[in-house]
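The structure under discussion appears below in the form of structure tokens.
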Amino acid sequence: MNLFLILAFLFSVGATAGWVLEVFYRRFFSSANPERKWINPGFCTGPYVPLYGFGLCLLYLIASMETVFPNIHKAVLFLMMAVSMTTIEYVAGVWLLKRMNIRLWDYSDEWGNIQGLICPKFSVYWSILGAAYYFLIHPHVLDALQWLSCNLAFSFVIGLFFGVFMVDVGHSTQIITKLRAYAVENDVIVRYEAVKLQIRQHHEAARSKYHFFRPFHSDKPLREHLKEMHEHLEIRKK
164 MNLFLILAFL FSVGATAGWV LEVFYRRFFS SANPERKWIN PGFCTGPYVP
214 LYGFGLCLLY LIASMETVFP NIHKAVLFLM MAVSMTTIEY VAGVWLLKRM
264 NIRLWDYSDE WGNIQGLICP KFSVYWSILG AAYYFLIHPH VLDALQWLSC
314 NLAFSFVIGL FFGVFMVDVG HSTQIITKLR AYAVENDVIV RYEAVKLQIR
364 QHHEAARSKY HFFRPFHSDK PLREHLKEMH EHLEIRKK
């Protein structure tokens, strides 16, 4: 079966499943959400988090190394999974921070963090997720890929997913561009989730409808929200 189609399938599953995981984590466990509200996580507005999509592709490739190196120890596999996921997280975070002046997530309060982008706690979480994937999901992924190879018409569904996903990425990129323009103009770092929270609180104060899948939708321009929270923005280090 074509490797590209396999990875496309895994990306769509991982991105969607990761979004569900993030929604429940932020609702019930995240210390950054003491009010325990439902939060639409991530860069996109739709139900997917690309980081997890890329992550699942990597987990699949790493787990598949057993076919080439049958004697490799499982602990080594899990360590590679944790390092790979942490690396993806760090590279994505650095790119957004340095190139776009945007902090998509913030681990600054976590012990041992590096630039607030990665930390030991979440690296351990990645390791646990890697082990869970290997034992609970990977065998079923292989079965799903076998089914997919016999039902290639399902590739239309994958294509539909990516069509919607790319439109969403285009829309989210426009928001990122506006945030970056303000950040560069004022020499600050914009916390993505803090802007979402600011808009949500504006809706609550005005008793207007808040759109879960349109967290940046507001009757006020985005720049006005940024001005209101300007004193709480992170100063960009020289």
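Letter by letter, the sequence shown follows residues 164 to 401 of this note's numbering.
From the three backbone atoms N, C-alpha and C, an ideal C-beta is built for every residue, glycine too.
Residue from the options whose Cα sits closest to the Cα of residue i
i, options, result
"PRO197", "HIS365, LEU360 and LYS383", "LEU360"
"PHE324", "ASP382, THR336, TYR223 and GLY216", "GLY216"
"VAL186", "HIS380, TYR211 and ASN264", "TYR211"
"ASN203", "LYS372, HIS395 and PRO378", "PRO378"
"ALA344", "ALA294, LEU389 and VAL183", "LEU389"
"TYR297", "MET329, PHE192, SER312 and LEU221", "LEU221"
"ILE338", "SER193, VAL327, GLN278 and GLY205", "GLY205"
"HIS393", "VAL353, ALA368, LYS383 and ARG370", "VAL353"
"GLY177", "GLY256, HIS334 and MET248", "MET248"
"ARG386", "ALA245, THR340 and TYR288", "THR340"
"ARG190", "LYS200, LEU184 and ARG370", "LYS200"
"PHE174", "LYS237, SER193 and LEU214", "LEU214"
"LEU219", "ASN234, ASN276, PHE192 and ALA171", "ALA171"
Cut-off 6 Å between Cβ atoms - residues of its own chain near residue i, not counting five sequence neighbours on either side
i, result
"TYR253", "LEU280 and ILE281"
"HIS301", "ALA226"
"GLY256", "LEU280"
"MET244", "LEU222, ILE225 and GLY293"
Bridge-paired residues (DSSP) for residue i
i, result
"GLU397", "ILE352"
"ARG266", "ARG354"
"ILE281", "ILE277"
Sequence-distant residues of its chain with Cβ nearer than 8 Å to residue i (five each side left out)
i, result
"LEU242", "SER290"
"TRP274", "CYS282, PRO283 and LYS284"
"LEU342", "MET263, ASN264, ILE265, VAL353, TYR355, VAL358, LEU385 and LEU389"
Proximity test, residue i beta-carbon vs the ligand FMN heavy atom, cut-off 7 Å
i, result
"TYR188", "Ligands are entirely absent from the displayed structure, and the ligand FMN is therefore not among its contents."
Integer Cβ distance of residue i from residue j, believed to fall under 8 Å
i, j, result
"TYR188", "ILE265", "In fact, because the Cβ distance is near 21 Å, the residues do not count as touching under 8 Å."
"ASP331", "THR208", "6 Å"
"LYS372", "HIS365", "That pair is no contact at about 12 Å."
Contacting residues, own chain, Cβ-Cβ under 7 Å from residue i (five flanking each side not counted)
i, result
"ILE362", "PRO378, PHE379, SER381 and HIS388"
"LEU267", "PHE206, GLY256, LEU259 and TYR355"
Would you call the region 224-234 and the region 387-400 in contact, with 3 or more CB pairs under 8 Å? no
Is there contact between the region 346-354 and the region 365-376, where contact requires at least three CB pairs shorter than 8 Å? no
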